[in-house]
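Working notes for the structure below.
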DNA sequence: CAAGACGATTTGTCAGATAAATGAACCGGC
DNA sequence: GCCGGTTCATTTATCTGACAAATCGTCTTG
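Chains as they are written, first to last, in the working numbering: chain R, 41 to 304; chain E, 41 to 304.
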């Protein structure tokens, strides 16, 4: 489909400001505990009114990145308080030089909760959820473009999380999986690995369909091990591929663009 | 220590507003997709200026609860977009009649990631992290008040998560564990179960100290099973105990204004 | 009847002023 | 010289009032 995204005026002012400041914090320009320039200073730097700056800061406070008190100023919160599991924070994080470490952590989290989620899904799934998973799995096989395949891949994993029936798993996984659109992109390369990956996915689908939790858990572990393996042995991407990849944003942070995967 | 927290003026206005509106959303007064009253209306209702209301709404947007567009108004986002893994949202959620379901979900999440976290901790821990865990474990045993014991209990579990060395585990667990202060409170009752629980904790400590991931994983599973068991067979709390419990805030989101935990 | 213009409504942004909080400097008494 | 309270200056918090931008519904006109 590729809807030509209308840029409008380019997001709201305060969101742009939040993005600017937030990225800088994630990038480490302002260390935790450090004092931020005051509001007036930001007004000058970003060429916008104090209201806009304030709303941006309010937003960052809501995400646990900042904390301000009268007379003291606004300071960066310690890292533990950052709401890393937030669309925006995640996307700023991903734009950071730390990106590799980030992906490693994400992959580790997947190894922790996806097998269990699949097991739960095998137990709790209803037929509608099963259908969604199966369709996604089939779509992966029949996808003609890389983009479609990745979309179906994400949909597949989210379907499992949603079928697991734990309300934390869904939003949590949603973030992780969105972030991982990159990884799938990375991983989905040659036809050979592609076919292999497809059969791994189908095994998961089958286990859940047959309501076999232990098998589902094993199948997911296999898939993740395979993914790790592919990442491991991946030759460094060529400049061309890197540029191609750069075109799509990893996490669609803000509203106007409803993220691609809607399961209602 | 129990520092008498100075109430100040009672937190900032916009936070109070955010709390009011956010709680209502979590409670279901405003369903997802529904249109919120407009800003002017909130000004009247909450007796505050439009700026304060706007900053509150900005905050709720940052948490994924709302989304507003000019002329249309502000509407509640679908539940999947809510940032449930946020201190404030979590605390509003906990003040909801859904509280029981909430605790069940949380407990399930613990079963998913705490065993793995312990296994990772057994692998990656350094000696400082180990020391923190051991101290917490000892403090649990020697604590003289229920409050101290719970504090040490939370510290113990957080220590493990932090030793696991995954940056997502820490903030994530932080939220869950804070939320669970209630559960620990619930669970820590008779001397008998208390002594049993202590030995379960010590097994975990030992496994991590000896760098035995599989043993650590097993030990955590045992503890969680025990917790589930206690919850299961818990007689309904007496009114006195309930009142006593109500005294401490569950999630220390922003010091003063934690909503009273009503369980109807 | 259809397509485009227009008005009304609601959020977005701005500017300027006052209040509140609090660290730091200052001042007086001992 | 030192200690304690007091004042001051700085920064965020809040309020007020205004205009801009976006967009839904309606109205006009071909």
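Heads up, the beta-carbon is just placed ideally off N, CA and C, and yes, glycines get one too.
All of these numbers come straight from a predicted model, not from anything done at the bench.
CB of residue i within 8 angstroms of CB of residue j, strictly
{"i": "residue 116/R", "j": "residue 70/R", "result": "yes"}
{"i": "residue 98/R", "j": "residue 99/E", "result": "yes"}
{"i": "residue 122/R", "j": "residue 62/R", "result": "no"}
{"i": "residue 205/E", "j": "residue 164/E", "result": "yes"}
{"i": "residue 219/R", "j": "residue 134/R", "result": "yes"}
{"i": "residue 113/R", "j": "residue 75/R", "result": "yes"}
{"i": "residue 94/R", "j": "residue 79/R", "result": "yes"}
{"i": "residue 142/R", "j": "residue 153/E", "result": "no"}
{"i": "residue 119/E", "j": "residue 72/E", "result": "yes"}
{"i": "residue 261/R", "j": "residue 155/R", "result": "yes"}
{"i": "residue 102/R", "j": "residue 102/E", "result": "yes"}
Contact belief for residue i with residue j at Cβ below 8 angstroms, rounded distance in angstroms
{"i": "residue 175/R", "j": "residue 233/R", "result": "About 23 angstroms separates the two Cβ atoms, so there is no contact after all."}
{"i": "residue 157/R", "j": "residue 200/R", "result": "6 angstroms"}
{"i": "residue 244/R", "j": "residue 265/R", "result": "Between residue 265/R and residue 244/R the Cβ distance is about 13 angstroms, and since that is not below 8 angstroms, they are no contact."}
{"i": "residue 162/E", "j": "residue 253/E", "result": "4 angstroms"}
{"i": "residue 125/E", "j": "residue 208/E", "result": "Incorrect: roughly 10 angstroms between the Cβ atoms, too far for contact."}
Cβ shell of residue i (< 7 angstroms), same chain only, five flanking positions each side left out
{"i": "residue 104/R", "result": "117, 121, 122, 123"}
{"i": "residue 91/R", "result": "none"}
{"i": "residue 237/R", "result": "266"}
{"i": "residue 196/E", "result": "173, 176, 177, 180, 241"}
{"i": "residue 210/R", "result": "201, 202"}
{"i": "residue 183/E", "result": "189, 192"}
{"i": "residue 60/E", "result": "86"}
{"i": "residue 64/R", "result": "70"}
{"i": "residue 198/E", "result": "213, 214, 217"}
{"i": "residue 149/E", "result": "216"}
{"i": "residue 96/E", "result": "54, 57, 58, 61"}
{"i": "residue 146/R", "result": "216, 219, 220"}
Beta carbon proximity, residue i to chain E, threshold 8 angstroms
{"i": "residue 158/R", "result": "no"}
{"i": "residue 65/R", "result": "no"}
{"i": "residue 149/R", "result": "yes"}
{"i": "residue 102/R", "result": "yes"}
{"i": "residue 99/R", "result": "yes"}
{"i": "residue 211/R", "result": "yes"}
{"i": "residue 152/R", "result": "yes"}
{"i": "residue 214/R", "result": "yes"}
{"i": "residue 196/R", "result": "no"}
{"i": "residue 145/R", "result": "yes"}
{"i": "residue 206/R", "result": "yes"}
{"i": "residue 259/R", "result": "no"}
Residues near residue i in its chain [Cβ-Cβ closer than 6 angstroms; skip 5 each side]
{"i": "residue 296/R", "result": "Residue placement at residue 296/R cannot be trusted, given a pLDDT of 35 that sits under 50; what the coordinates show is reported in the next sentence. Cβ neighbours of residue 296/R beyond the five flanking positions: none."}
{"i": "residue 159/E", "result": "253, 256, 257"}
{"i": "residue 53/R", "result": "88, 92"}
{"i": "residue 151/E", "result": "264"}
{"i": "residue 108/E", "result": "114"}
{"i": "residue 136/R", "result": "66, 67"}
{"i": "residue 268/R", "result": "none"}
Min CB distance residue i to chain R below 8 angstroms
{"i": "residue 247/E", "result": "no"}
{"i": "residue 126/E", "result": "yes"}
{"i": "residue 123/E", "result": "yes"}
{"i": "residue 77/E", "result": "no"}
{"i": "residue 242/E", "result": "no"}
{"i": "residue 70/E", "result": "no"}
{"i": "residue 59/E", "result": "no"}
{"i": "residue 311/E", "result": "Within the shown structure, residues of chain E are numbered from 41 to 304, placing residue 311/E beyond reach of any answer."}
{"i": "residue 95/E", "result": "yes"}
{"i": "residue 53/E", "result": "no"}
Check: residue i C-beta below 7 angstroms from any heavy atom of the ligand GDP
{"i": "residue 197/R", "result": "For the structure depicted, the ligand GDP is absent and the ligand set is empty, with no information on it obtainable."}
Sequence-distant residues of the same chain with beta carbon closer than 8 angstroms to residue i, five excluded per side
{"i": "residue 170/R", "result": "203, 248, 249"}
{"i": "residue 166/R", "result": "203"}
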